[in-house]
Structure formats: structure tokens, C-alpha cells
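A.B. asks: Quick one: the structure is below, questions incoming.
Residue numbers (the working numbering): 1045 to 1126.
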């Protein structure tokens, strides 16, 4: 699974010269499981059809949920200890 963090919420596909429809079609054509996460709260911003299908959900059911909730069934992120 690929997960990307959206560092700059102001960016859109149009900022890169690509239409939203073109971007969505390309994103959904990827057969790997892909999500885009908000960097501050680990919330799902975008998810492709492959990942939604793998989870037996519609993409809109996953948007806004925490990745650790969806992918690992956890209520909070893991604590990293050294």
C-alpha cells in the first residue's frame, strides 16, 4: 500500500496543469492500494478505488477517517518509543 501525506492543502490537480477528472481517472487506474493522508492528523484525504474495494467500502466512506482506524482497527496512533 502506498500512502502519501498532503503537506500543502492549497495544492490541487489544476495547480499542476491537470484537470480534476483526469487526475481522478489516473488515480483510480492505479491497481496498488493508495491513500493520501493529512500530515497533521493522519486523516484520509483521498483513496483510490483499489484500496476502497480491498476494504469493501466506497471511497467516500473512508474520507475523513484516521488511517489507523481504517487500516488497523485502532482508536489512536501507535506510540513510538526508543
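Just so you know, even glycine gets a beta-carbon here, dropped at the ideal spot from N, CA and C. Keep in mind the model is a prediction, meaning the values are calculated, not measured.
Going by beta carbon distance, what residues of the same chain come within less than 6 Å of residue 1047, once the five residues before and after it are set aside?
C.D. replies: Confidence is the limiting factor: at residue 1047 the pLDDT is only 49, short of 50, which leaves the residue's position unreliable, though a coordinate-based value still follows. The answer, listed in chain order, is 1079, 1081.
A.B. asks: Could you tell me if residue 990 is buried or exposed, where buried requires 16 or more neighbouring beta carbons within 10 angstroms of its beta carbon?
C.D. replies: Outside the displayed range of the chain (1045 to 1126) lies residue 990, so it cannot be described from this structure.
A.B. asks: Using the three-state DSSP reduction, which class does residue 1046 fall into: helix, strand or coil?
C.D. replies: Caution is warranted here: a pLDDT of 47 is assigned to residue 1046, below 50, making its placement in the model unreliable, and no coordinate value can be reported.
A.B. asks: My output table needs one value for residue 1110: the three-state DSSP class, helix, strand or coil.
C.D. replies: strand
A.B. asks: Between which two residues does the alpha helix (DSSP H) harbouring residue 1095 extend?
C.D. replies: 1093-1098
A.B. asks: Residues in the same chain with beta-carbon distance under 8 Å from residue 1107, minus the five sequence neighbours each way, listed in chain order, please.
C.D. replies: Only 1088, 1089, 1090, 1091 meet the Cβ criterion.
A.B. asks: What separation, rounded to the nearest whole angstrom, lies between the Cα atoms of residue 1071 and residue 1065?
C.D. replies: In a straight line, the C-alpha of residue 1071 is about 10 Å away from that of residue 1065.
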